[in-house]
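Asker:
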Amino acid sequence: MPTDFRVLSVIPPMTQLNTPYPSTAYLTGFLRSRGIDAVQEDLALALVLQLFTPAGLEAVRGRALAQPEAQRSGSVHAFLDQFADYRATIGPAIAYLQGRDSTLAHRIAARGLLPEGPRFSALDAYVDDGSGDPLAWAFGALGVQDKARHLCTLYLNDLADVLRDAVDERFEFVRYAESLASSQPTFDPLAAALAAPPTLVDDLLSDLTLAAIHRHKPALVLLSVPFPGSVYAALRIAQTIKAHHPHIRIALGGGFVNTELRELSDPRVFDFVDFVTLDAGERPVLSLIEHLHGQRGRQRLQRTFVLEDSTHPNPPPGEKGEKTSTATVRYVNFAEPDIPFEDVGTPTWDGLPLDRYLSLLDMLNPMHRLWSDGRWNKLTVAHGCYWKKCSFCDVSLDYIGRYETATAEKLADRIQQIVEETGQTGFHFVDEAAPPKALKALAEELIRRQLNISWWGNIRFEKTFTPELAELLAQSGCIAMSGGLEVASDRLLTLMKKGVSVEQVARVTKGFSDAGILVHAYLMYGFPTQTLQDTVDALEYVRQLFEAGCIQSGFFHRFSCTVHSPVGMDPTAYGIELIPLPPVSFAKNDIGFIDPTGTDHDALGIGLRKAIYNYMHGLCVEDDVRRWFEHLPHKVPKPTVSRHRIGKALAAAAH
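If you count by our numbering, then the sequence shown holds residues 59 to 713, one letter each, in order.
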């Protein structure tokens with residue numbers, strides 16, 4: 059391998075602000091283990107840090123002033139009215155969220171330093187305990203640091219609203235321009251957006267891209283797009299590289315590509331990138347590098363889309379001219395074993411500015427905050443899912459279907475190496491569902507080595523997670539667990555092939571809670587054949603789980619049927635009819651369906667989200683669940699579930 063061949067892996071906007079998205083760390087660590095010169099950049103973080111400076115806010119103000127006054131939103135008006143305060147406080151606020159100026163907490167918490175825009179109206183919803191401070195119930199007299207972080211987060215959210223309303227209507231911290239890419243059958247929306255005059259955000263991203271290219275001088279750039287909300291920015295990055303450094307090769311991959319671009323046929327994508335790879339990136343990227351060095355023909359690439367020109371020496375009949383060229387997209391997948399999970403190497407965060415990430419506090423709930431607060435080393439215990447039966451899941455795809463493990467010793471070695479590199483001992487295990495056997499072995503190895511880390515992860519709430527195992531995991535450093543309860547209905551859990559019952563979930567989660575481990579439940583509504591009664595009963599179960607201290611956090615999301623799931627592949631088995639998709643040449647994932655029950659799930663979702671928000675703050679847990687559906691125009695049935703069903707099940711298990 060030539061010594062001057064460098065691979066640059068890029069995290070495009072937007073992902074997370076508190077910790078790096080792990081894909082580039084995985085790829086960089088793997089490539090270095092194979093002797094390849096590999097580096098990485100987080101342009102998502104870099105963009106935010108560039109925008110949220112005095113100079114960045116001055117540029118935003120210029121765009122806001124250019125708007126007709128009548129068209130300015132409340133957020134923009136508040137920003138312009140208090141601009142001097144925003145300009146003076148943006149540097150200190152960012153420094154505080156980065157952990158570089160903790161003494162500022164007292165001034166921020168006193169609410170006399172930061173300007174307050176519309177987002178601060180959320181504080182009015184909190185109950186004043188008589189102290190005059192609506193946040194006292196959450197933070198008490200001593201939680202100054204957390205209170206200040208929460209106020210800083212509201213402050214940044216106000217600024218994000220200004221960016222959306224005055225600079226780029228697609229701007230969000232996570233779902234940036236998401237609608238341009240998610241399940242879009244054609245490339246047209248993205249093509250139009252990418253051909254439009256650049257916004258301030260686009261210009262800043264272009265400058266950051268060119269600076270990164272100048273700094274690293276790569277021969278190959280890997281753009282990792284985990285979500286629809288990072289596709290537009292990834293292609294803007296590619297567009298900049300092609301315009302200024304056309305010799306650099308660019309490959310597109312990541313979770314969004316793996317899920318939605320499996321039937322890609324639009325050649326316009328290749329105006330921006332040279333290769334599009336599917337599934338785990340190690341093998342395709344290794345083959346790609348060998349190909350670029352002339353060591354492997356194009357026909358021997360793995361899981362890679364390429365563009366091929368078919369040149370015709372003569373024009374079609376009846377037309378004048380010389381030869382014509384037709385570009386077609388071709389998928390190449392030379393049969394070759396994947397890189398075993400044991401051999402993918404240790405992720406590395408070398409080159410990423412770990413001291414510059416922002417610890418945000420959106421949600422006051424102690425479990426829910428883990429996703430945005432603190433910098434976690436992200437690691438995978440096993441590749442894929444050992445269960446891979448859930449009917450709503452993309453079980454046919456590689457990231458679920460190919461299940462491989464590593465030994466506890468290997469995992470502990472990786473953990474030890476990461477702690478030595480980063481100096482940070484917090485880990486988020488990002489598995490689809492971490493296997494109990496592997497977690498038990500890892501916990502025992504961590505205890506044996508006296509590796510004092512804090513970790514949390516995602517599991518199935520299966521009976522193997524006994525109270526004894528929960529205690530062992532807590533001793534090894536486990537602080538929280540998340541898992542899918544989905545629709546809290548035994549009938550629907552069976553239809554989903556979830557492999558658990560509501561009472562089993564109650565016993566497992568109570569075991570975790572009793573061991574001091576926080577528990578988050580992923581919840582779902584709108585599953586095929588789910589009725590109004592099913593939804594009311596499910597919420598009653600959820601209420602009881604909060605009341606019994608089984609779970610501390612949860613999130614209701616609307617069921618979405620995907621083409622790669624068992625429901626999408628065999629809809630009649632679930633009592634639904636799919637709505638035919640238009641011809642697809644770009645993204646294909648979500649697919650609409652007709653449910654004969656006719657339940658208005660959108661209306662129910664409003665009540666479910668209100669309920670879970672209150673339960674997470676310890677409010678209204680004893681109330682009749684029907685109160686959350688009072689906005690419905692029709693009578694809501696009472697739950698058919700006994701109000702003490704979970705309590706009795708836990709009591710029976712205790713005996």
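Beta carbons: idealized from backbone N, C-alpha and C, even for Gly.
Owing to the predicted nature of the structure, the values given are computational and were not obtained by experimental measurement.
1) Have a look at Asp332, His274 and Leu181 and flag the residue whose alpha-carbon is nearest the alpha-carbon of Arg169.
2) Helix, strand or coil: which one does DSSP assign to Val283?
3) To the nearest angstrom, how far is the alpha carbon of Asp471 from that of Pro691?
4) Spell out the partners DSSP gives Phe363 in its beta bridges.
5) On the three-state DSSP scale, how would you describe Lys495?
6) Is the distance from the Cβ of Arg725 to the Cβ of Leu252 below 9 Å?
7) Put Ile69 into one of helix, strand or coil per three-state DSSP.
8) Mind checking if Arg64 is an interface residue toward chain B, Cβ cutoff 9 Å exclusive?
9) If you draw a straight line from the alpha carbon of Val331 to that of Glu227, how long is it in whole angstroms?
10) Can you give, in chain order, each stretch of the alpha helix (DSSP H) that sits fully within the region 444-513 and has at least 4 residues?
11) Let me check understanding here. Comparing Cα to Cα, which of Gln482, Lys468, Ala491 and Asp489 lies closest to Ala507?
12) Give every residue of the same chain whose Cβ lies closer than 8 Å to the Cβ of Gly149, excluding the five residues on either side of it in the sequence, and list them in chain order.
13) Taking C-beta to C-beta, are Met539 and Phe450 nearer than 9 Å?
14) Comparing alpha-carbon positions, which option in Leu497, Ile649 and Gly607 lies nearest Glu680?
15) Just checking, does the region 471-486 make contact with the region 443-459 on the three C-beta pairs under 8 Å criterion?
16) Of all the beta strand (DSSP E) runs that stay within the bounds of the region 299-333, which reach a length of 3 or more residues?
17) Give me the residue from Thr657, Ala292, Gly132 and Leu527 with the minimum Cα distance to Asp260.
18) Just the C-alpha distance for Arg90 and Val65, rounded to the nearest angstrom, thanks.
19) The beta strand (DSSP E) that contains Glu99, what's its start and end?
20) In or out: Lys693 buried (at least 16 other Cβ within 10 Å) or exposed?
21) In angstroms with no decimal places, state the Cα-to-Cα distance between Thr522 and Glu544.
22) For Tyr389, which of Arg414, Thr362, Asp367 and Trp429 has the nearest alpha-carbon?
23) Between Tyr290, Leu109 and Phe614, which has its C-alpha nearest Lys668's C-alpha?
24) Which residue from Thr298, His303 and Ala128 puts its Cα closest to that of Pro276?
25) Measure the Cβ-Cβ separation of Thr77 and Lys498 and say whether it is below 9 Å.
26) Just tell me which of Tyr290, Pro247 and Leu280 has its CA closest to the CA of Tyr234.
27) Give the single residue among Leu419, Phe644, Pro342 and Arg358 whose Cα lies nearest to the Cα of Val387.
28) Within a Cβ cutoff of 8 Å, which residues of the same chain sit near Ile397, ignoring the five residues on either side of it in sequence?
29) To which residues of the same chain is Gly409 closer than 6 Å at the C-beta, ignoring the five residues directly before and after it?
30) With DSSP run on the structure shown, which of helix, strand or coil describes Asn215?
31) To the nearest angstrom, report how far apart Leu603 and Gln610 are at their CA atoms.
32) Please report the Cβ distance between Leu488 and Phe519, rounded to the nearest whole angstrom; I am assuming they are in contact, meaning their Cβ atoms lie under 8 Å.
33) Pairing CB atoms from the region 424-432 with CB atoms from the region 568-581, are three or more of them under 8 Å?
34) In the DSSP assignment, the alpha helix (DSSP H) including Ile152 goes from what residue to what residue?
35) Grouping DSSP H, G and I as helix and E and B as strand, with all else coil, what is Val577?
Answerer: Judging by the given coordinates:
1) Leu181
2) coil
3) 59 Å
4) Val334 and Tyr389
5) helix
6) Given a span of 59 to 713 for the chain in the structure shown, any question on residue 725 remains unanswerable.
7) strand
8) Of the protein chains in this structure there is only one, and it is not chain B.
9) 25 Å
10) 456-459, 466-480 and 494-507
11) At residue 507 the sequence reads Arg, which differs from the Ala that was named. Taking only the C-alpha atoms, the option nearest Arg507 is Lys468.
12) Thr111 and Pro112
13) no
14) Gly607
15) no
16) 307-311
17) Ala292
18) 10 Å
19) Asp95 to Asp100
20) exposed
21) 19 Å
22) Thr362
23) Phe614
24) His303
25) no
26) Tyr290
27) Phe644
28) Phe88, Ala338, Glu340, Arg341 and Leu344
29) Val97 and Gln98
30) helix
31) 9 Å
32) Sequence inspection shows Val at residue 488; the Leu mentioned does not correspond to that position. Not really, about 18 Å apart at Cβ, beyond 8 Å.
33) yes
34) Phe141 to Leu155
35) strand
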